[in-house]
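Novice:
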Amino acid sequence: MRIGRMLARHSFIPSSSATLCNTGMFRFRCGPFSRAAALPPRSKRVYGSGSHLHEQRAASGALPSDLFSGIDRHRSARRNVVIQGSRMSEVFLNVLPIFILILTGWLIVKAGYLKPAVGEALGDFVFRVAVPVLLFRTIAEADFKEGSPWPLWVAYFSGVAVTWTLGHLAATLGFGRDPRIGVLAGVSSAFANTVFIGLPLVSRVVGEEGIVALSILLSVHLPVMMIAGTVLMDRADQKVSGRPRQSLARLLAGVGRNLVRNPLVIGLAFGALFHLLGQPLGGPAKIVVDQLAGVAAPAALVSIGMALDKYGLAGNTGLATVTSTLKLVVLPGAVFAACHLLGLSDSWTAALVLTSSVPTGVNAWLIANHFNVGHGLASSTITLTTALGVLSVSAWAYLLM
């Protein structure tokens, strides 16, 4: 009835053969229309408030085209919203299993089904056997089409430097903490769990090219981060405690000995050797390597979940909230910007950004434990970033699409 009155005001009245049409947002009568008055062959007529002019042929009985274009725009916008929502759901469902496995490990210990010692043993197996074999296979069989690894390293570690600095300044200037906590805040903000969460995530979301990029990063990630964290923490501890300064050469020698014995470094080194020799894996050795590498991701995720119970939230969580925000938002944002500035490929960019967006690694806790300072900050940051990681990782994965 209302549409009929509107049409009558514009000198159109629906004929008896008009039918009810439904466009989704609007319902109106359409079909043949009879003329109420004679019009010139072509004229400009004003519809509604007079803000739109529409040309109509004298013999035409059609509704104004702007009405239909508005309906089309509405349909297009609604379709875009549905598509975007579908993509976001797809990304979220692709990332969710990563964190469900972590939650599974946490529930196993929390419910008392298995003891925490089992999780520690599983973590040792992952760190000493499964992941080194995965890295060995990846490097041995990799096709390094991207050329020099330097742009990759510069892109990632420039983001680390920015985030580490912000974390340190937030602790020392914003919260008035001593330099040791400043160093630990920087470590907690910038040290991603590249092995236990990054590898499974990149493998699932990016694929083989992403694993190659992450393996190249891992070849220097642990040495760079551990050397920087240990040296800076030692200097900060010397400044606070007043003890004699340990020589840099002696400090680096100790870190170097630990790195040479590190299973990840050994796996990468043997993989590089096989790659340079051009020796392909085959036969039973290939089957064993594939099976061990295949259990690395799920076992790593369950083991990190089983270890979460010993961390938890401790002390004042204000600084931990800041370091968690830096870890989940600022670090991947800085890495993303650096990747684009340096022109990295889409797959390598996705691998680095997703790796940087994962929760804080347990190395922050190891450094705190070694220097006996900042346990609450390290454990709270690990817990918060793991709890919120499913949202931040999903958001970054969606943006990278």
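Position 110, counted from 1, in the sequence shown is what the numbering used here calls 117; the numbers after and before it change by one each time, with no gaps. Just so you know, even glycine gets a beta-carbon here, dropped at the ideal spot from N, CA and C.
Counting only runs of 4+ residues fully inside the segment 120-200, write out the alpha helix (DSSP H) ranges in chain order.
Specialist: 123-132, 138-148, 157-176 and 186-197
Novice: Measuring CA to CA, which of Leu349, Asp316 and Ala177 is closest to Leu391?
Specialist: Considering only alpha carbons, the answer is Asp316.
Novice: Using only CA atoms, which one of Val227, Ala199 and Asn269 lies nearest to Ser364?
Specialist: Comparing Cα positions, the closest option is Ala199.
Novice: Would you decide whether Val98 is buried or exposed? Buried here means 16 or more other CB atoms lie within 10 Å of its CB.
Specialist: buried
Novice: Quick check: the segment 205-213 against the segment 373-385, are there 3 or more CB pairs under 8 Å?
Specialist: no
Novice: Do Ala276 and Ala137 count as a contact pair if the criterion is CB distance below 7 Å?
Specialist: no
Novice: To the nearest angstrom, how far is the alpha carbon of Val337 from that of Pro123?
Specialist: 33 Å
Novice: Any chance you could list the alpha helix (DSSP H) runs of at least 4 consecutive residues sitting entirely within the segment 297-380, in chain order?
Specialist: 303-314, 324-332, 338-349, 353-363 and 370-378
Novice: Helix, strand or coil: how does DSSP classify Ala385 here?
Specialist: helix
Novice: For the alpha helix (DSSP H) that contains Ala256, what are its first and last residues?
Specialist: Leu255 to Val267
Novice: From this set, Asn376, Leu326, Leu361 and Leu373, which residue's C-alpha is nearest Val213's C-alpha?
Specialist: Minimum Cα distance to Val213 is reached at Leu361.
Novice: Rank Ala404, Glu215 and Val167 by C-alpha distance to the C-alpha of Ala192 and give the top, closest one.
Specialist: Val167
Novice: Excluding the 5 residues preceding and the 5 following Arg94 in the sequence, name in chain order all residues of the same chain whose CB lies nearer than 8 Å to its CB.
Specialist: Tyr405 and Met408
Novice: Using CA atoms only, rank isn't needed, just tell me which of Ala344, Gly325 and Asp244 is closest to Ala177.
Specialist: Gly325
Novice: Secondary structure at Gly396, three-state DSSP: helix, strand or coil?
Specialist: In this structure, Gly396 counts as helix in the three-state DSSP scheme.
Novice: Using a Cβ-Cβ cutoff of less than 6 Å, which residues in the same chain neighbour Phe106 once the five nearest sequence positions on both sides are dropped?
Specialist: Val397
Novice: Measure the C-alpha to C-alpha separation of Leu308 and Leu129 and round it to an integer number of angstroms.
Specialist: 10 Å
Novice: Inspect the beta-carbon positions of Phe378 and Asp185 and report whether they are closer than 7 Å.
Specialist: Judged by their CB atoms, Phe378 and Asp185 are not nearer to each other than the 7 Å cut-off.
Novice: Could you tell me the distance, in whole angstroms, from the CA atom of Ala279 to the CA atom of Phe143?
Specialist: 8 Å
Novice: So, for Leu159: in the same chain, excluding its five sequence neighbours on each side, which residues have a beta-carbon less than 8 Å away from its beta-carbon?
Specialist: Glu153, Ala220, Ile223, Leu224, Leu351, Trp355 and Leu359
Novice: Compute the Euclidean distance between the alpha carbons of Phe281 and Trp403, then round it to the nearest angstrom.
Specialist: 35 Å
Novice: Could you have a look at Gln245 and say whether DSSP puts it in helix, strand or coil?
Specialist: helix
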